[in-house]
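Trainee: Each residue of the sequence shown is one higher than the last, beginning at 1 in full-length UniProt numbering.
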Amino acid sequence: MIGQYGTHRWPVTLTHGRVTLRPMRLRDGAEWERVRRRNLDWLRPWEATMPPGSQAGPHSYGALVRMLTKQAREGRMLPWLIVYADPDGRQQLVGQLTVSGIVAGSASWGQVGYWIDQQWAGRGIVPTAVAMACDYCFRVMRLHRIEVAIRPENGKSLRVVTKLGFRPEGLRPRYLHIDGEWRDHLVFALNAEEVPEGMINRWERLRPSAPA
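(1) Determine the direct distance from the alpha carbon of G75 to that of F166, and round the result to whole angstroms.
(2) Provide the residue span of the alpha helix (DSSP H) that contains T49, from first to last.
(3) In the DSSP assignment, the beta strand (DSSP E) including T15 goes from what residue to what residue?
(4) Could you say which of P87, P45 and A63 lies nearest to H185 if we only look at CA atoms?
(5) Please work out which residues of its chain come closer than 8 angstroms, Cβ to Cβ, to L43, disregarding the five sequence neighbours upstream and downstream, and give them in chain order.
(6) Can you tell which of G180, A85, V140 and L26 has its C-alpha closest to the C-alpha of E47?
(7) With S108 and R66 assumed to form a contact (beta carbons below 8 angstroms), what rounded beta-carbon distance in angstroms separates them?
(8) Go through its chain and collect everything with a Cβ distance to T13's Cβ below 6 angstroms, but skip five positions before and after it.
(9) On the CB-based measure, 16 or more other CB atoms within 10 Å of its CB, does D86 come out buried or exposed?
(10) Distance cutoff 9 angstroms, beta carbons only. Does E204 sit that close to anything in chain C?
(11) Using a 10 Å radius around the Cβ and a threshold of 16 neighbouring Cβ atoms, would you call D117 buried or exposed?
(12) What do you get for P127, buried or exposed, if any count of 16 or more other CB atoms within 10 angstroms of its CB means buried?
(13) Among the residues of its own chain, which have a CB less than 7 angstroms from the CB of G57, if the five just before and after it don't count?
(14) Rounded to whole angstroms, what's the CA-CA distance from A72 to E153? Just pull it up for me.
(15) Going by Cα to Cα distance, which pick from A129, R207, M77 and R142 is closest to Q111?
(16) Could you pull out every unbroken alpha helix (DSSP H) segment of at least 4 residues lying fully inside the region 52–122, listed in chain order?
(17) Starting from F138, trace the beta strand (DSSP E) both ways and give me its first and last residue.
(18) Suppose the cutoff is 7 angstroms on Cβ atoms and the five residues either side in sequence are ignored; what does the same chain contact list for W182 look like?
(19) Here's the rule: buried if 16 or more other CB atoms are within 10 angstroms of the residue's CB, otherwise exposed. What is Q91?
(20) If you run the structure through DSSP and keep just helix, strand and coil, what is residue 232?
(21) Given a threshold of 16 other Cβ atoms within 10 Å of its Cβ, counted over all protein chains shown, does T162 qualify as buried or as exposed?
(22) At what residues does the alpha helix (DSSP H) containing A30 begin and finish?
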C-alpha cells in the first residue's frame, strides 16, 4: 500500500487485500469490452456523454488507452482498472476508477469517478478502490482535495462515499452531461487533513465485518 510521501511516476499499481488498481493495457481490450457490453443497461444512467457539438472522444479502446496513458504520465489523470482476486485466486477485471481533472498549485485537487460490473457490486470492492486512490493522491501526488460528484438517483454510489466518510457539499444543478442530458449532481469531498490516518485505515476501521 501507500506509505511515505513520494514522487508520482506512471505506471502505478496499488493493492489492498483482494482489490488491485492497475493501469489499463492494450491487451485488456477484449475483456474490457465484454464487461462493458454485459453491463450496458446497468451503467447507462450514470455514464458520461458528449454534449451536442462537442469534439468526439476516442473511437476505440486502443485510442482510449493511449490518450489516458499520455495524460497519466503528465500527471493530469490516473486511469486504473479495478481487478479483484476471486476465492479461487483468479484475477477478474471488475471495473474502472479514474482520478481526473488533476490540478496542482494553489488548487491541488482531483475528481474521482468509478464503475463496477454489476455481478461484483456490494462486496466492498469500490470503497476499497476509492480509499487506495485517495491515499495515493494525498500521500504521493500531494493533492489537498478529492471530490466525487454523484447523481442523486444513484443510491449505490452514494453509499460508497457515505461508507468512506466523504463530506457532503450540496447540489450542483446541471453539473455534468450524463446519459444524454445535463444532470444535477451531489458533490462530496475530503481534504487531506481530514484523514491523517489514511483512507484505507479509515475504511478498515469503519467497514462491516463482512463486505457490504
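Think of the CB as a built atom: it goes at the ideal place given N, C-alpha and C, for glycine as much as any other residue.
Mentor: Reading from the atomic positions:
(1) Between the alpha carbons of F166 and G75 lies a gap of roughly 24 angstroms.
(2) Bounds of any alpha helix (DSSP H) do not take in T49, whose DSSP letter is neither H nor E.
(3) Unbroken beta strand (DSSP E) run through T15: L14 to H16.
(4) Considering only P87, P45 and A63, the residue with the shortest C-alpha distance to H185 is P45.
(5) Cβ-Cβ distances below 8 angstroms link L43 to R36 and W115 in the same chain, with the five nearest sequence neighbours on each side left out; the list follows chain order.
(6) Ranking G180, A85, V140 and L26 by Cα distance to E47 puts G180 first.
(7) Contact flag wrong, Cβ pair sits at about 27 angstroms.
(8) So the list reads R22, once near-sequence residues are dropped.
(9) With a threshold of 16 other beta carbon atoms within 10 Å, D86 falls short and is exposed.
(10) Of the protein chains in this structure there is only one, and it is not chain C.
(11) Around the CB of D117, 16 or more other CB atoms lie within 10 Å, so the residue is classed as buried.
(12) Counting Cβ neighbours within 10 Å, P127 comes out buried, since at least 16 surround it.
(13) Cβ within range, chain order: M50.
(14) A72 and E153: Cα-Cα distance of roughly 31 angstroms.
(15) Of the candidates A129, R207, M77 and R142, the one whose C-alpha sits nearest the C-alpha of Q111 is M77.
(16) With a minimum length of 4 residues, the continuous alpha helix (DSSP H) runs that stay inside the region 52–122 are 61–73.
(17) Premise fails: F138 lies in the alpha helix (DSSP H), I125 to R139, not in any beta strand (DSSP E).
(18) R174, listed in sequence order.
(19) By the neighbour-count rule (16 or more Cβ atoms within 10 Å), Q91 is not buried but exposed.
(20) This structure does not reach residue 232, given that the chain is present from 1 up to 212, and the question cannot be answered.
(21) Exposed.
(22) Segment G29 to R38, the alpha helix (DSSP H) holding A30.
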